[in-house]
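There are 2 protein chains.
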Amino acid sequence: MATPTNTQFAVAVHVLVYLASVGRNEQRSIGSEELAGSTAVNPVHVRRVLGPLRTAGLVHSKPGAKGGWEIGADPREIGLDRVWAVLQGDDPVLGLHGPSPRCAVGAGVQEILQGVEREVSAAVVDRLARRSIADLVTEAHLEAAVGPPR
Amino acid sequence: MATPTNTQFAVAVHVLVYLASVGRNEQRSIGSEELAGSTAVNPVHVRRVLGPLRTAGLVHSKPGAKGGWEIGADPREIGLDRVWAVLQGDDPVLGLHGPSPRCAVGAGVQEILQGVEREVSAAVVDRLARRSIADLVTEAHLEAAVGPPR
DNA sequence: AATAACTGTAATCACATTGGCGACGGTATG
DNA sequence: CATACCGTCGCCAATGTGATTACAGTTATT
């Protein structure tokens, strides 16, 4: 692996689908532990991933007993691009940030590559925007309530 | 940085532009050391990056005194997608390879995400294919001989 | 009020990848 | 033969990810 396995995006999507499906069908908040069990990762990791999503308004959390997580927006309007933007918005897709070369050749090439990077990032976002959490719920054959969050 | 800075692609492109420009104008092989100096990285690193490119036929190398590297194909036909394929062809762009969840929800989501991954990878390759090493030489305002390799 | 069940966050650890660095052998030039 | 390269190995530091533990804060339940 050249790129260290970045589970955050996958975990986030999984959790959102879970919240949009199970959570809304059963009308309850869901704890980090249950989410972690479902995703096969650590509860703390789940909370770390969900933190930024909460800031972005995609989920809500309730502390205390019977607390937990609920989806914070209409699943039909949560495009995968939004999740991506929240979690990896700043990271370059091509992973270039090469050492800036001293020579004239390098300076020009670096500039051009940055332009390519922007193009590629835009293309990625475009593809991700084509699917929403609600789409995933449907495609994964999960029955779910649809509509704005409770 | 979520993604560790992966300089390999940037270094490879830089070196190819250098070979297509300086190397062919001056009609000589170029040593790893000179390439490393131009790219501000280690000579060993340059050789490690160029190894796969040689296997792919994009460059040639000559051992021994007066040895060094030459470009191995017409720069106009070396699209950035080829370089990408050689160096990062196997790595997922989205970095998902999340832990396979046990529950039914997860299995379905994982499958869908893999489909998205394929779409996104294709989009990235498509954008990269729009530019060739020869294009970069031109855009970087470097005078260079154009045509098939010597 | 006391307890239990959660979130929220910090600290630490193991692990993997990247890239710098040194060493040594192979090979072509002069 | 001496020199100047490539080619590859091994070791090292730095970095990022995720697991784990611990602890503080908040809320429902009894």
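Top line first, the protein sequences correspond to chains F and P.
This note's numbering puts the first residue of the first sequence at 1, with every later residue one more than the last.
This note's numbering puts the first residue of the second sequence at 1001, with every later residue one more than the last.
For each residue, glycine too, the CB sits at the ideal point set by N, CA and C.
Given the structure is predicted, the values throughout are model-derived calculations rather than measurements.
Close beta carbons around residue i, own chain, < 8 Å, minus the five adjacent residues each side
{"i": "V49/F", "result": "Q8, V11, A12, V15 and L87"}
{"i": "G1023/P", "result": "S1029, I1030, W1069, E1070 and I1071"}
{"i": "P1092/P", "result": "E1117 and S1121"}
{"i": "L191/F", "result": "Any answer about residue 191/F is impossible in this case: the structure gives chain F only from 1 up to 150."}
Chain P within 8 Å of residue i, Cβ atoms only
{"i": "A73/F", "result": "no"}
{"i": "R82/F", "result": "no"}
{"i": "L35/F", "result": "no"}
{"i": "V86/F", "result": "no"}
{"i": "R206/F", "result": "Nothing can be reported for residue 206/F, as the shown portion of chain F is limited to 1 through 150."}
{"i": "A10/F", "result": "yes"}
{"i": "G79/F", "result": "no"}
{"i": "R131/F", "result": "yes"}
is_contact[residue i, chain F] using C-beta, thresh 8 Å
{"i": "V1026/P", "result": "For the sequence presented, residue 1026/P should be read as Glu rather than Val. Not an interface residue."}
{"i": "A1218/P", "result": "Because chain P in this structure spans residues 1001 to 1150, residue 1218/P falls outside the shown range and cannot be described."}
{"i": "L1019/P", "result": "no"}
{"i": "G1089/P", "result": "no"}
{"i": "P1148/P", "result": "no"}
{"i": "G1108/P", "result": "yes"}
{"i": "G1095/P", "result": "yes"}
Own chain partners of residue i with C-beta closer than 6 Å, once the 5 adjacent residues on each side are dropped
{"i": "S1132/P", "result": "R1076, I1078 and G1079"}
{"i": "T1039/P", "result": "V1011 and H1014"}
{"i": "V1137/P", "result": "V1017, A1020, S1021 and A1144"}
{"i": "H60/F", "result": "E70 and G72"}
Cβ neighbours of residue i in the same chain (closer than 7 Å, five flanking residues each side left out)
{"i": "N42/F", "result": "A36"}
{"i": "E1033/P", "result": "P1043"}
{"i": "L1096/P", "result": "L1113 and E1117"}
Which whole runs of the beta strand (DSSP E) in the segment 38-102 of chain F are 3 residues long or more, in chain order?
Counting only runs of 3 or more, we get 59-62 and 68-71.
Beta carbons nearer than 7 Å to chain P: which residues of the segment 41-73 of chain F have them?
Those would be V41, in chain order.
If contact means a Cβ-Cβ distance below 7 Å, which residues of the segment 110-124 of chain F contact chain P?
Against chain P - using a Cβ distance shorter than 7 Å - the residues of the segment 110-124 of chain F are I112, L113, V116, E119, V120, A123 and V124.
In the segment 1106-1135 of chain P, which residue ranges form an unbroken alpha helix (DSSP H) of at least 4 residues, counting only runs that do not cross its ends?
Positions of the alpha helix (DSSP H) runs, each at least 4 residues long and wholly inside the segment 1106-1135 of chain P, cannot be given because no such run exists.
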